[in-house]
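Accompanying notes for the structure given below.
In UniProt numbering, the protein residues as written are 1 to 121.
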């Protein structure tokens, strides 16, 4: 990143990230674009519900070591929506190459999230 010590490389990077964020805003989806329903807890659930029953719930996260914030664990976990049992999990201990910059967290974490997602698929 900033090899010269004057911060100019970092400022250029922040400007590029800001342009990328602005370009991505137009693709932001704020609502589901498909119908789904939660599994019913009762045994006589309404089978006529036209919405698709949610089968899985998943999440990604990256957690950092307190002792070394450049070392982190990237993980994805998928649960069965009926039982909440883990049906799949992947993780990788990663080294962060991009510094934390407020407002640009995604640019620090995205590559590790993509990698762990590829392991999952």
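Glycine is no exception: its CB is placed at the ideal position from the N, C-alpha and C atoms.
Nothing here was measured: the structure is a model prediction, and the numbers come from that model.
In the DSSP assignment, residue 52 forms a beta bridge with 36.
With respect to residue 69, residue 54 sits apart: the two C-beta atoms are not nearer than 8 Å.
A direct Cα-to-Cα measurement between residue 78 and residue 106 gives close to 21 Å. Distances from the alpha-carbon of residue 95 to those of 8, 37, 63, 20 put 63 closest. Note on the segment 76-120: whole beta strand (DSSP E) runs with a minimum of 3 residues are 86-95, in chain order. Boundaries of the alpha helix (DSSP H) harbouring residue 25: 8-25, taken from the DSSP string. Each residue's CA atom was taken as its position, placing residue 11 and residue 37 some 45 Å apart.
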